[in-house]
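So the structure is just underneath, and the comments pick up after that.
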Amino acid sequence: MVSKKIGTGVRSLSKLSLSSFVSGIRKYFFPWLIAAVVLAALIYAVSFSVCVFRGDISTSVNFSFDGIEAGLDPAGNKFDVNSIKSDKIVEDSLKELGINESVENVQRAISIDGVVPDNVIDRITSYKVSFGEGSEIITSKDIKDTTYYPTKYNITIDCGKVNIGHSECAELLNKMTEKYKDTFFETYGYNKSLESAVLAVDYSEYDYVDAVNVFESSLTSLKNYIDELAKKDDSRFRSEKTGYTFADLSKAIDTVQNEDLDWISSNITVNNVSKDKEILIANYQFKIDALNRSKKIAEEKLKSINETLEVYQKDSVLIVGGNEMGDTQINQSSGTYDKLLQQGISAKTEASNCQQKIDLYKKRISSLKSSTSKSGYAEMADEDLKNISDKISNLINIVNDTATDYYETELFTNSYSVLSPANYSLASTFKSALDNSKTNIVPLELILLALYIFASAIYVFIPDSFKEKLAGIRAAKSKKSGKTVKKKRKARK
Numbered sequence: 004m005v006s007k008k009i010g011t012g013v014r015s016l017s018k019l020s021l022s023s024f025v026s027g028i029r030k031y032f033f034p035w036l037i038a039a040v041v042l043a044a045l046i047y048a049v050s051f052s053v054c055v056f057r058g059d060i061s062t063s064v065n066f067s068f069d070g071i072e073a074g075l076d077p078a079g080n081k082f083d084v085n086s087i088k089s090d091k092i093v094e095d096s097l098k099e100l101g102i103n104e105s106v107e108n109v110q111r112a113i114s115i116d117g118v119v120p121d122n123v124i125d126r127i128t129s130y131k132v133s134f135g136e137g138s139e140i141i142t143s144k145d146i147k148d149t150t151y152y153p154t155k156y157n158i159t160i161d162c163g164k165v166n167i168g169h170s171e172c173a174e175l176l177n178k179m180t181e182k183y184k185d186t187f188f189e190t191y192g193y194n195k196s197l198e199s200a201v202l203a204v205d206y207s208e209y210d211y212v213d214a215v216n217v218f219e220s221s222l223t224s225l226k227n228y229i230d231e232l233a234k235k236d237d238s239r240f241r242s243e244k245t246g247y248t249f250a251d252l253s254k255a256i257d258t259v260q261n262e263d264l265d266w267i268s269s270n271i272t273v274n275n276v277s278k279d280k281e282i283l284i285a286n287y288q289f290k291i292d293a294l295n296r297s298k299k300i301a302e303e304k305l306k307s308i309n310e311t312l313e314v315y316q317k318d319s320v321l322i323v324g325g326n327e328m329g330d331t332q333i334n335q336s337s338g339t340y341d342k343l344l345q346q347g348i349s350a351k352t353e354a355s356n357c358q359q360k361i362d363l364y365k366k367r368i369s370s371l372k373s374s375t376s377k378s379g380y381a382e383m384a385d386e387d388l389k390n391i392s393d394k395i396s397n398l399i400n401i402v403n404d405t406a407t408d409y410y411e412t413e414l415f416t417n418s419y420s421v422l423s424p425a426n427y428s429l430a431s432t433f434k435s436a437l438d439n440s441k442t443n444i445v446p447l448e449l450i451l452l453a454l455y456i457f458a459s460a461i462y463v464f465i466p467d468s469f470k471e472k473l474a475g476i477r478a479a480k481s482k483k484s485g486k487t488v489k490k491k492r493k494a495r496k
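Going by our numbering, the letters in the sequence shown line up with residues 4 to 496, in that order.
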């Protein structure tokens with residue numbers, strides 16, 4: 004009998020507790036719902052206010068060229084993404100947009116962060132599993148000797164740190180990314196420094212023979228640059244702007260060197276054309292003296308190397324029983340010996356080149372001293388040099404257009420791209436505020452939900468007598484307040 008009563012009591016208690024919990028859930032549902040809505044609205048309102056009065060404007064860019072995955076730029080140097088906010092780019096962007104703000108403030112307000120994919124940590128982190136004593140599993144985490152260099156970057160400007168509006172901040176970021184593209188191709192694309200060096204030389208400041216040498220040197224530098232581009236080009240690129248391939252340009256330079264320049268040089272030399280014969284002879288004599296010194300140094304170097312090679316012994320290896328004749332001894336190649344041999348060849352070549360130039364200058368001096376320049380040939384030389392100068396300038400322009408077209412459409416097609424331009428609108432502000440508020444809304448709402456469940460659970464343990472007493476007190480207060488309202492109404496009447 005006792006056990007039956009106890010079992011019945013437990014079942015009734017269990018039934019009573021579950022019903023009380025459900026009652027608590029129902030009782031506090033609407034207060035919890037109202038509190039949850041109000042809390043979310045407050046958090047979003049605060050986030051929206053921050054976005055309106057402060058807020059961030061962002062854009063994202065991507066790099067894709069050989070070396071970026073190792074943190075290197077196209078030239079093989081360390082890649083610096085912060086050059087996007089360099090002084091020149093920021094200053095030029097502010098000037099073009101007509102924004103009155105200091106370069107320093109803009110640079111402090113801009114942050115550039117690399118985007119790291121989620122699976123990168125897994126790739127550079129490996130886990131090793133080993134078994135200890137008693138088949139105990141031991142897991143150790145080893146970080147591989149690997150560094151990840153991002154290829155995608157987010158560029159963000161904090162509008163609260165500059166005295167310009169959100170829309171102007173968006174325009175500024177877009178202008179900066181546009182300017183950086185021009186800077187990128189100027190830095191890693193067509194060799195502007197080569198063009199500047201060639202055009203900076205004024206041939207009219209030199210005597211006729213020296214002017215030819217200046218043009219020869221400029222064309223050689225230009226041809227070497229074109230040939231280097233041709234080595235990189237695997238698809239025989241033909242520019243849509245100029246219609247030329249690198250092979251076409253190389254042949255054009257050869258033609259100018261071997262036909263035009265050679266003809267002008269022979270005309271000047273044969274007819275002894277000179278602006279000032281005495282100065283030219285003195286210049287040749289100075290060059291001969293310098294070449295004699297260089298030749299003497301090369302010859303002494305060659306003599307010293309030959310003496311060293313005569314007493315130098317290569318490393319040898321003894322092979323016991325190498326063949327039927329007995330032991331065999333062979334000489335191994337030696338890096339030091341080969342290096343000395345190569346230095347000797349270079350010294351001999353240098354001495355020979357010096358002697359050839361000395362003979363040439365002596366011949367020119369003899370020719371200048373023994374004859375007089377003929378009339379009319381100086382004017383012809385002036386005209387020829389002007390024509391060759393115009394040809395070289397035209398060649399440089401064609402090389403510029405062809406190389407730029409190659410870098411932009413072939414070699415660096417997707418090397419730099421803007422993935423998402425900076426944008427500011429009311430809709431984007433609402434979205435940004437929502438994204439920012441999520442990080443605060445979710446945990447706070449979970450805390451509020453936990454309090455709601457906890458309150459409902461506490462409701463289970465409140466005695467029924469106390470609940471009835473509370474209900475009676477509420478009913479009495481409600482009745483009393485109702486009578487008070489009726490009395491006030493009667494008094495008004």
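Just so it is clear, CB atoms sit at the ideal spot from N, CA and C, and this is done for glycine as well.
Three-state secondary structure assigned by DSSP to residue i
i, result
"residue 226", "helix"
"residue 166", "coil"
"residue 397", "helix"
"residue 326", "Any reading at residue 326 needs caution, since the residue's pLDDT is 49, under 50, leaving its predicted position unreliable; the model's value is listed next. DSSP places residue 326 in strand when its eight states are reduced to three."
"residue 497", "In the structure as shown, the chain begins at 4 and stops at 496. Residue 497 is therefore absent and cannot be evaluated."
"residue 161", "strand"
"residue 91", "helix"
"residue 241", "strand"
"residue 248", "strand"
"residue 156", "strand"
"residue 385", "helix"
"residue 59", "strand"
"residue 320", "Model confidence at residue 320 stands at a pLDDT of 45, short of 50, so the residue's coordinates are unreliable and nothing is read from them."
"residue 332", "For residue 332, the predicted model reports a pLDDT of 47, less than 50, meaning its position is unreliable; a value from the coordinates is still stated below. DSSP places residue 332 in strand when its eight states are reduced to three."
"residue 75", "strand"
"residue 109", "helix"
Straight-line gap, residue i to residue j (C-alpha atoms, nearest Å)
i, j, result
"residue 374", "residue 380", "14 Å"
"residue 424", "residue 175", "11 Å"
"residue 46", "residue 447", "10 Å"
"residue 333", "residue 350", "In this prediction, residue 333 has a pLDDT of 47, which is less than 50 and means its spatial position is unreliable; what the coordinates show is noted afterwards. Distance between the alpha carbons of residue 333 and residue 350: 29 Å."
"residue 217", "residue 90", "37 Å"
"residue 78", "residue 361", "40 Å"
"residue 346", "residue 359", "20 Å"
"residue 392", "residue 348", "37 Å"
"residue 301", "residue 312", "16 Å"
"residue 71", "residue 184", "16 Å"
"residue 80", "residue 153", "16 Å"
"residue 103", "residue 173", "15 Å"
"residue 402", "residue 339", "43 Å"
"residue 32", "residue 181", "55 Å"
"residue 105", "residue 408", "36 Å"
"residue 83", "residue 76", "8 Å"
"residue 226", "residue 256", "7 Å"
"residue 164", "residue 112", "6 Å"
"residue 355", "residue 297", "11 Å"
"residue 244", "residue 252", "14 Å"
"residue 110", "residue 288", "58 Å"
"residue 249", "residue 85", "34 Å"
"residue 88", "residue 426", "18 Å"
"residue 214", "residue 229", "23 Å"
"residue 162", "residue 442", "21 Å"
"residue 138", "residue 62", "The predicted position of residue 138 is uncertain, since its pLDDT is 49 and thus under 50; a value taken from the coordinates is nonetheless stated next. Spanning the two alpha carbons is a distance of roughly 53 Å."
"residue 265", "residue 416", "40 Å"
"residue 107", "residue 157", "20 Å"
Endpoints, alpha helix (DSSP H) assigned at residue i
i, result
"residue 422", "That residue, residue 422, is in no alpha helix (DSSP H); its beta strand (DSSP E) goes 419–423."
"residue 289", "280–314"
"residue 267", "265–273"
"residue 363", "338–373"
Delimiting residues of the beta strand (DSSP E) encompassing residue i
i, result
"residue 116", "113–117"
Assumed close pair residue i, residue j - CB separation to whole angstroms, cut-off 8 Å
i, j, result
"residue 384", "residue 232", "The Cβ separation is near 33 Å, so there is no contact."
"residue 259", "residue 394", "6 Å"
"residue 211", "residue 307", "Not quite, the Cβ-Cβ distance comes to about 41 Å (not below 8 Å), so this is no contact."
"residue 410", "residue 188", "6 Å"
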